[in-house]
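In the order they appear, the protein sequences are chains G and E.
Heads up, my numbering is the position in the first sequence plus 5, with the first residue counted as 1.
Heads up, my numbering is the position in the second sequence plus 18, with the first residue counted as 1.
For every residue, glycine included, the Cβ atom is placed at its ideal position computed from N, Cα and C.
Here the structure is a predicted model, which is why all the values come from computation and not from measurement.
As structure tokens, the structure follows; a few thoughts come after it.
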Amino acid sequence: MSSYPISIEVSGPLAMFARPDTGVTPTSYPVPTWSAAKGILESIAALERGAAIHPIRIEICRRKGEAGGEVHFQKYATNYGGPLRKRGQFNSGSSFQFFATVLADVCYRIHAEVRRSGSSPDRNPPHHLQELFNRRLAQGRCHQTPALGWKEFTCSYWGAFRESEYEVDTALDLLVPSMLVGMWSNASHGKYQPRFAQNVSVERGVLSFAE
Amino acid sequence: MPEFFNRGTGLLIIEVRCSNPNGDPDQESEPRTLSTDGRGLISPVSFKRKLRDLVEDADGPVARKAFNLSAITLADGVSYRILESRGRDRESIGKLNPDAFKAAFWDARVFGNTFLESMKDDGKDTKGKGKKDSRDHFISTGVVQFGPGLSVAPVEIERLTTTNKSGVEDGKDRGMAPLAWRVVQHGVYAMPFFVNPMAARKTGCSPHDIELLKFLIPHAYRATASAIRPFVEIRHAWFAEHGDPLGSCPDYLIIDALTPRKVGGRADAPSRSIEEYQVPDALPDGVRSRVKSFEDLCLKSWA
């Protein structure tokens with residue numbers, strides 16, 4: 006069976022891959038979730054049916070020459086004065102303050118496979134999607150502006166690997182006791198069914214997603 | 019059906035002198051910085067708020083001038099109200115049908131909205147056939163995304179205590195705010211923004227809405243200056259229109275080419291003036307040829 010790999014490098018000053026257990030004061034996982042990685046790739050290209058993107062692994066990168074071995078967290082608070090505030094805040098004219106803990110100065114290389122998904126009249130949808138993705142990446146085209154979790158955390162770079170500037174952070178080892186995989190039962194057209202993985206490890210800068 | 023328009027990539031070059039461009043509510047309004055390297059930060063939320071305030075002040079000089087421009091005049095029935103506003107009545111907005119909602123709020127068309135986030139948990143709103151689909155317009159990704167504004171070099175923060183001769187507390191005839199005046203001595207920030215027309219169909223965003231955004235950007239700080247923010251100046255508001263709705267040039271090529279570089283003093287030391295930076299004033303030919311148009315919104319003349 007043929008394999009249709011795709012990959013992308015993304016970086017940015019801020020990122021948020023929220024832990025669901027942190028509620029209204031969201032805190033980011035130290036690394037992107039499977040579904041966040043999938044979302045980044047699908048912002049470049051996706052098909053309605055016939056093929057779906059499956060992230061395989063993420064390489065956490067550092068600028069060449071830097072020590073690495075760390076994930077940087079950043080406090081990030083914003084004021085909200087819109088109509089979704091609680092009635093008490095609304096009536097008193099108070100702002101809602103939204104406190105979050107995000108990641109700072111991140112760079113990831115995301116590796117994925119395009120796999121067949123459901124039926125399609127096309128002869129080879131995975132090949133079609135792989136070609137579409139690679140063509141758009143080279144041209145700088147996208148369906149949605151790629152973002153690092155929250156939409157406002159736009160990428161400072163998205164494209165092919167920058168081998169001369171960045172390298173995998175081999176000094177980074179982490180263990181995440183429990184981590185969200187995704188909110189749906191399948192990679193496409195799934196039902197609402199949050200899935201978690203336990204004891205997720207980042208070894209020598211590489212996070213591999215279990216199948 | 020919204021009119022067709024192309025993808026856009028923009029970059030704001032913002033100079034800050036003895037001002038607080040964006041206070042951190044979690045740090046007693048200290049100017050925001052990245053804890054990793056001390057670079058200054060302006061949140062996208064903060065910048066969008068200033069644009070919303072300018073539009074909401076419909077009788078103010080900026081909005082009045084904008085609304086008289088032919089490039090910005092909207093179709094009949096479409097208005098420039100602001101959704102993210104203190105005075106809005108959530109219940110009446112929740113009753114709007116998709117067309118009325120899209121026609122009402124400029125910021126919802128341009129920046130998207132998450133109005134449904136709370137409504138969907140409201141049992142009475144989710145009952146009834148077809149209700150869910152009819153409320154789909156209450157959650158949408160925006161056409162325009164502003165990214166974090168980051169200073170090119172670390173910033174140095176000055177803290178001063180201010181006094182108030184008349185006093186502000188009960189029983190006091192004078193006041194003092196210890197170390198409350200907190201400003202960035204000098205900094206040059208770069209804030210990217212992106213126009214993605216693929217989201218316009220859902221939000222109802224038109225080219226007129228984007229033209230209004232482009233008109234407002236140079237006024238964002240100048241027309242909202244305050245005691246703590248006397249000099250935050252957008253030196254350049256670069257905007258490149260791609261040759262295609264999906265884009266015709268990688269965003270990073272545009273952004274990297276236009277981001278200032280610190281050439282005076284140490285790169286990791288705070289600056290004292292803009293003379294310490296090399297500020298690009300054009301796109302390289304190889305990048306320029308890949309976009310349809312390129313302009314500095316600060317210099318654009320509006321008929």
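Asked                                                                                                     : Found
Candidates Ile49/G, Thr27/G and Val36/G: closest to Arg141/G by CA position                               : Ile49/G
Closer than 7 Å: Leu46/G CB and nearest the ligand SAM heavy atom                                         : What this structure holds is no ligand at all, so the ligand SAM is not there to describe.
As assigned by DSSP and simplified to three states, the class of His204/E                                 : strand
Backbone CA spacing between Gly58/E and Arg290/E [nearest angstrom]                                       : 14 Å
Nearest-angstrom Cα separation, counted from Thr91/E out to Arg90/G                                       : 32 Å
Residues from the region 157-190 of chain G in contact with chain E, defined by Cβ distance under 9 Å     : Glu157, Phe158, Thr159, Cys160, Ser161, Tyr162, Trp163 and Gly164
7 Å CB neighbourhood of Trp119/G in its chain, flanking five on each side removed                         : The sequence shown places Val at residue 119/G, rather than the Trp named in the question. These residues qualify, in order along the chain: Tyr9, Ile11, Ala56, Ile58, Pro131, Leu134 and Gln135.
Contact with chain G by Tyr63/E, beta-carbon distance below 8 Å                                           : Sequence check: residue 63/E is Val here, not Tyr. Taking Cβ atoms only, chain G reaches closer than 8 Å to Val63/E, which makes this a yes.
Helix, strand or coil at Gly28/E [DSSP, three-state]                                                      : strand
Reduced DSSP category for Thr221/E - H, G, I as helix; E, B as strand; rest coil                          : helix
Cβ of Cys147/G within 8 Å of any chain E Cβ                                                               : yes
Cutoff 8 Å: Arg279/E Cβ touching any chain G Cβ                                                           : no
Whether Val173/E touches Val213/E by CB criterion (8 Å)                                                   : no
Inter-residue spacing [alpha-carbon to alpha-carbon] between Lys150/E and Ala122/E                        : Confidence is the limiting factor: at Lys150/E the pLDDT is only 49, short of 50, which leaves the residue's position unreliable and the question unanswerable from this model.
Proximity winner among Val111/G, Phe201/G and Leu153/G, relative to Gly74/G (alpha-carbon distances)      : Val111/G
Buried or exposed (CB count within 10 angstroms, at least 16 for buried), Gln45/E                         : exposed
Separation of Gly205/E from Lys69/G, as counted between CA atoms                                          : 27 Å
Cα-Cα separation between Asp140/E and Lys196/G, rounded to whole angstroms                                : Since pLDDT at Asp140/E reaches only 49, below the 50 mark, its modelled position is unreliable, and no value is offered.
Nearest-angstrom Cα separation, counted from Thr180/E out to Gln94/G                                      : 29 Å
Neighbour flag for Tyr270/E against chain G, beta carbons, 8 Å                                            : yes
Contact list for Cys267/E against chain G, beta-carbon separation under 7 Å                               : Gly145
Proximity below 8 Å, CB of Ile31/E to CB of Ala321/E                                                      : no
Under 7 Å by beta carbon: chain G residues contacting Thr54/E                                             : His77, Ala109 and Asp110
From Leu153/G, Tyr85/G, Ser183/G and Pro18/G, residue whose alpha carbon lies closest to that of Ile115/G : Leu153/G
Spatial distance of Phe22/G from Leu179/G (CA atoms)                                                      : 16 Å
Glu14/G burial status per 10 Å Cβ neighbour count (16 or more: buried)                                    : buried
Residue range of the beta strand (DSSP E) that includes Pro10/G                                           : Pro10 to Ala20
Burial state of Ser2/G (16 or more Cβ within 10 Å)                                                        : This structure cannot settle anything about residue 2/G, because the visible part of chain G is limited to 6 through 216.
Contact list for Gly86/G against chain E, beta-carbon separation under 9 Å                                : Arg67, Glu102, Ser103 and Arg104
C-alpha gap between Lys145/E and Glu170/G, whole angstroms                                                : In this prediction, Lys145/E has a pLDDT of 42, which is less than 50 and means its spatial position is unreliable; what the coordinates show is noted afterwards. Lys145/E and Glu170/G: Cα-Cα distance of roughly 54 Å.
CB contact check: Gln163/E to chain G, cutoff 8 Å                                                         : yes
Best match in Leu29/E, Glu33/E, Phe23/E and Asn24/E for proximity to Glu293/E [C-alpha to C-alpha]        : Glu33/E
Length of the line joining the Cα atoms of Leu87/E and Asp286/E                                           : 44 Å
Close Cβ partners of Glu47/G (< 7 Å) along its chain, the five nearest in sequence each way excluded      : Ile58
Phe201/G - containing beta strand (DSSP E), residue span                                                  : Tyr197 to Glu208
Contact set between Asn214/E and chain G, taken where Cβ atoms lie within less than 9 Å                   : Cys147, His148, Gln149 and Thr150
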